[in-house]
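Presented below is the structure to which this report refers.
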Amino acid sequence: FRLFLSMAKKKPGFRSQIIENSLWNMIGSLINRLGGLIFMIILSRALLPEGFGIYSLALSLSVFLITFADLGINQTLIRHISYEAGKNKTKAAAYFRYLLRIKILLSFAVALLLVAASYPLSVYLFKNPEFFNLLLILSIFVFFSALESFYESLFYIEKNVKYVSFKETFFQAAR
561 FRLFLSMAKK KPGFRSQIIE NSLWNMIGSL INRLGGLIFM IILSRALLPE
611 GFGIYSLALS LSVFLITFAD LGINQTLIRH ISYEAGKNKT KAAAYFRYLL
661 RIKILLSFAV ALLLVAASYP LSVYLFKNPE FFNLLLILSI FVFFSALESF
711 YESLFYIEKN VKYVSFKETF FQAAR
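According to the numbering used here, the sequence shown is numbered sequentially starting from 561.
This is how it looks when you write it as structure tokens:
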């Protein structure tokens, strides 16, 4: 809390920057929720109840696995790069490269785990062979989604939250 107060005293536009970034974050969240709602309505109509149930189950499993591809690396990136960016750019770059390597390895390992588990999950656990192809596709989603969240953290470091909202708008429109 003291650090927050000292930062607020140092920068005259600190309060306005917080308000602006909060508004952009709220806009991005609203776009995410609204786009997700519209996408789910369209998808549920197209896939019918059984197909939508399979999709929801597979997506839930992949979102659960994305958390293991993160393990706090995004927050670590924000904390260490923000701290070192003003002091030592080479150390900040070293942190970035190190955390990127860890993130890629974790993301790849989790995606590979999903690929390896796709057949046993679909055939033996859920007894639905259609589930197999969907899990294979979602393993690619897991890998890229984990990396996307890592790079999204850079916008928070640079205090450019509006770009996260732009990214979310583009993503929802592309879906």
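Ideal Cβ placement from N, Cα and C applies to all residues, glycine included.
Buried or exposed (CB count within 10 angstroms, at least 16 for buried), residue i
i, result
"L631", "exposed"
"L672", "exposed"
"G613", "exposed"
"K663", "buried"
"I601", "exposed"
"A734", "exposed"
"A606", "exposed"
"S682", "buried"
"A629", "buried"
"L565", "Bear in mind that the predicted position of L565 carries a pLDDT of just 42, short of 50, making it too unreliable to give a figure here."
Simplified DSSP state of residue i, which is helix, strand or coil
i, result
"L563", "Per-residue confidence for L563 stands at a pLDDT of 43, beneath the threshold of 50, marking its modelled position as unreliable; the derived number appears in the next sentence. Correct three-state label for L563: helix."
"L631", "coil"
"E580", "helix"
"K719", "coil"
"P689", "coil"
"K647", "coil"
"G573", "coil"
Neighbourhood of residue i by C-beta distance below 8 Å, restricted to the same chain and skipping five residues each side
i, result
"Y655", "L637, H640, I641, E644"
"I633", "L659, I662, K663, L666, F710"
"Y778", "Because the chain here runs from 561 to 735, residue 778 falls outside it and cannot be looked at."
"I591", "S725, E728, T729, Q732"
"A568", "Here A568 scores only 45 on pLDDT, less than 50, and its place in the model should not be relied on; the value that follows carries that caveat. F574, R575."
Same chain, Cβ closer than 6 Å to residue i, neighbours up to 5 away in sequence not counted
i, result
"I626", "V702, S705, A706"
"G588", "V724, S725, E728"
"K651", "E644"
"L608", "none"
For residue i, the nearest candidate out of the options (CA to CA)
i, options, result
"F715", "S576, F574, N581", "N581"
"V721", "W584, S576, I700", "W584"
"S622", "F691, A606, L695, Y658", "L695"
"A677", "A629, F624, F692, Q577", "F692"
"A624", "R593, V670, L594, Q635", "Here the sequence assigns Phe to residue 624, which means Ala is not the residue at that position. Looking at the Cα atoms, V670 is the closest of the given residues."
"I700", "L674, E712, V683", "L674"
"Y615", "N648, P689, M586, F628", "P689"
"E718", "F599, G646, Y679, I598", "G646"
Integer Cβ distance of residue i from residue j, believed to fall under 8 Å
i, j, result
"L685", "L619", "So it is not a contact: roughly 16 Å between Cβ atoms."
Beta-carbon proximity list for residue i, same chain, < 7 Å, skipping 5 on both sides
i, result
"F730", "none"
"I578", "none"
"F668", "F703"
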